[in-house]
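J.:
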Amino acid sequence: MIGVSSGRLVLEAKGLHRDYGSVVAVDALDLSMSEGEFLTIVGPNGAGKSTLLSMLSGAMRPTTGSVSVCGEELDFARHEWRHRIGMLSHKGFLYDRMTVEENLNFYGKLFGIADLKDRIASRLRRVGLSERARSEVRKLSHGMRQRASLARALLHDPDLVLLDEPYSGLDPAAALVLRDVLEELKDGRRTVVMVTHNLREGLEMATRIAIQVGGRFEWEGSLKGARWEDFESHYHCVVEGRV
Ligand code: ADP
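All residue numbers for the sequence shown refer to this note's numbering, where the first residue is 29 and numbers rise by one.
This is the structure we're talking about:
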């Protein structure tokens, strides 16, 4: 099981397992995370990373195993725990024919946010999308859509933030904005799990790292002052089964 540190326990997955027919996507995985931790998961395509995040977010039911967030087991028939989780994935969870602002307004009302107008304005400013607030989502570029999804994921100030490939499709300027936003999430109150192929950004940000292969964490640890370039060859050894 990947380590447990001293802060409040935010996320606990036990024996988390998901099959798609004969394919085992996530293989009886245990994971505990405390407040303030930032876990970056790296691994090859097909390692089960997206499936893992979907189950941690409550969007996908595991074949077996359980997920608890802030001590409350995710009950897939109920939605009360959703206010604790912010998820960014390739799905985006945005309505194409609504404007960015309308989308955020819709989600903000679902979460019962009181100062919604100000909150939306501040989130859009933070991701550099204020000028496109009134654009329909279908008219945005991929990178802009990604920024809007990030604003949506963080709108309700969740305890647990789950990010599936947040750098995908971002231009260098947008990647810098994302990097700043992620740094701000390391405020000690938040717990973050990020899946990324961007080794440099992912590793420098992380307090913990896991290499996922074949549905399992084949290696867990931290950079401990090592350079991310040095980690790269270690990563390839783990993925190719040479360690
Ligand atoms: P990753 O995010 O690491 O690329 P995924 O979680 O997307 O991995 O996929 C893990 C495995 O599960 C892969 O073998 C993939 O083909 C399979 N898989 C994912 N989604 C489905 C699905 N909806 N139906 C069948 N197989 C799936």
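Every residue gets a Cβ at the ideal spot worked out from N, C-alpha and C, and that includes glycine.
Cα-Cα, which of 123, 255, 138 is closest to residue 108?
T.: The sequence position of residue 108 within the sequence shown is 80, counting from 1. Here the closest residue by C-alpha is 138.
J.: Grouping DSSP H, G and I as helix and E and B as strand, with all else coil, what is residue 138?
T.: The residue labelled residue 138 in the question sits at position 110 within the sequence shown. Three-state DSSP puts residue 138 in a helix.
J.: So the beta strand (DSSP E) residue 248 belongs to, where does it begin and stop?
T.: As a working note, residue 248 is residue 220 in the sequence shown. Start and end: 244 to 249.
J.: Is residue 271 helix, strand or coil by DSSP?
T.: If you number the sequence shown from 1, residue 271 lands on position 243. Coil at residue 271, not helix or strand.
J.: Just the Cα atoms here: how many angstroms apart are residue 83 and residue 46?
T.: Mapped onto the sequence shown, residue 83 falls at position 55. Mapped onto the sequence shown, residue 46 falls at position 18. Roughly 9 Å between the two C-alpha positions.
J.: For residue 263, does the three-state DSSP call read helix, strand or coil?
T.: Stepping through the sequence shown from its first residue, residue 263 is reached at position 235. Looking at residue 263 - three-state DSSP - the assignment turns out to be helix.
J.: In three-state DSSP terms, what is residue 43?
T.: Walking along the sequence shown from the start, residue 43 turns up at place 15. Note: residue 43 maps to strand in three-state DSSP.
J.: State yes or no: is the C-beta of residue 120 within less than 8 Å of the C-beta of residue 196?
T.: Counting from one through the sequence shown, the residue named residue 120 turns up at place 92. Counting from one through the sequence shown, the residue named residue 196 turns up at place 168. No, the Cβ-Cβ distance between residue 120 and residue 196 is not below 8 Å.
J.: With respect to 7 Å, is the separation between the Cβ of residue 155 and the closest non-hydrogen atom of ligand 1 below this value?
T.: Position 127 of the sequence shown, counted from the start, is the residue given in the question as residue 155. Remark: the C-beta of residue 155 is outside contact range of ligand 1, defined as less than 7 Å to any heavy atom.
J.: Would you say residue 51 touches ligand 1, meaning its beta carbon is less than 7 Å from a heavy atom?
T.: For the purposes of this step, residue 51 is identified with residue 23 of the sequence shown, where counting begins at 1. When distances are taken from the beta-carbon of residue 51 to the heavy atoms of ligand 1, the shortest one is below 7 Å.
J.: Between the C-alpha atoms of residue 125 and residue 174, what's the straight-line distance to the nearest angstrom?
T.: One-based indexing of the sequence shown puts residue 125 at position 97. One-based indexing of the sequence shown puts residue 174 at position 146. Approximately 16 Å, taken between the alpha carbons.
J.: Looking at residue 230 and ligand 1, is the gap between the Cβ and the nearest heavy atom below 7 Å?
T.: Here residue 230 refers to the residue found at position 202 of the sequence shown. It does not: the Cβ of residue 230 is nowhere closer than 7 Å to a heavy atom of ligand 1.
J.: Using the C-alpha atoms, what's the distance from residue 57 back to residue 32?
T.: As a first step, residue 32 must be located in the sequence shown, where it is residue number 4. As a first step, residue 57 must be located in the sequence shown, where it is residue number 29. Legend: pLDDT at residue 32 = 46, less than 50; position of this residue unreliable, value from coordinates given subsequently. C-alpha separation (whole angstroms): 15 Å.
J.: Could you name each continuous alpha helix (DSSP H) segment of 4 residues or more that falls completely within the segment 181 to 257, going from the start of the chain to the end?
T.: 200 to 213, 227 to 233
J.: Provide the residue span of the alpha helix (DSSP H) that contains residue 157, from first to last.
T.: Walking along the sequence shown from the start, residue 157 turns up at place 129. In the DSSP assignment, residue 157 falls outside any alpha helix (DSSP H) and carries neither an H nor an E.
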